[in-house]
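These notes are about the structure you will find just below.
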Amino acid sequence: MINLLKFQLLTEKSIISLENNKYVFKVDTKLNKKQIKRIFEELFDVKVKSINTCRLTKTFSNSYQKYANFAKKVIITLDPGNVIQFVE
């Protein structure tokens, strides 16, 4: 299951949203919201309040003349009092 989570996105906006219990990750594109919720609740032992997903567009790399792979960005809102430990 851990290999389906690619990495956490750390941007200025995502760091500010940590105060509102929102975490931003990139995940495998084949996962749906129910699967993502189950993975986070089992791996991190937290209660997920809501999940927002969006597919990121392809990006073109001029140096190698190819497209980067698609990615899926997930914004996870946790119930109050729940924290993902490795993020802090």
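First residue of the sequence shown: 7, per the numbering used here; consecutive thereafter.
Heads up, the beta-carbon is just placed ideally off N, CA and C, and yes, glycines get one too.
Predicted model, so just to flag it, every value in this text is computed and none were measured.
Could you say if the segment 48 to 57 and the segment 13 to 24 meet the contact criterion of at least three C-beta pairs nearer than 8 Å? no
Roughly how many angstroms lie between the CA atoms of residue 15 and residue 32, to the nearest whole one? As a working mapping, residue 15 is identified with position 9 in the sequence shown. As a working mapping, residue 32 is identified with position 26 in the sequence shown. Approximately 7 Å, taken between the alpha carbons.
Taking all protein chains shown into account, do 16 or more other C-beta atoms lie within 10 angstroms of the C-beta of residue 89, making it buried, or fewer, making it exposed? Reading the sequence shown from its first residue, position 83 is the one you call residue 89. Exposed, because fewer than 16 other Cβ atoms sit within 10 Å of the Cβ of residue 89.
Ignore the nearest five residues each way along the sequence and tell me which others in residue 63's own chain have a CB closer than 6 Å to its CB. Looking up residue 63 in the sequence shown gives position 57. No residues qualify anywhere along the chain.
Rounded to a whole number of angstroms, what is the C-alpha to C-alpha distance between residue 36 and residue 43? Residue mapping note: residue 36 aligns to position 30 of the sequence shown, counting from 1. Residue mapping note: residue 43 aligns to position 37 of the sequence shown, counting from 1. Each residue's Cα considered, the two are about 14 Å apart.
Output the distance between the C-alpha atoms of residue 50 and residue 77, rounded to the nearest integer angstrom. As a working note, residue 50 is residue 44 in the sequence shown. As a working note, residue 77 is residue 71 in the sequence shown. If you draw a straight line from the Cα of residue 50 to the Cα of residue 77, it comes to about 22 Å.
Can you check which of these residues, 30, 52, 85, is closest to residue 61 by C-alpha distance? In the sequence shown, counting from the first residue as 1, residue 61 sits at position 55. Minimum Cα distance to residue 61 is reached at 30.
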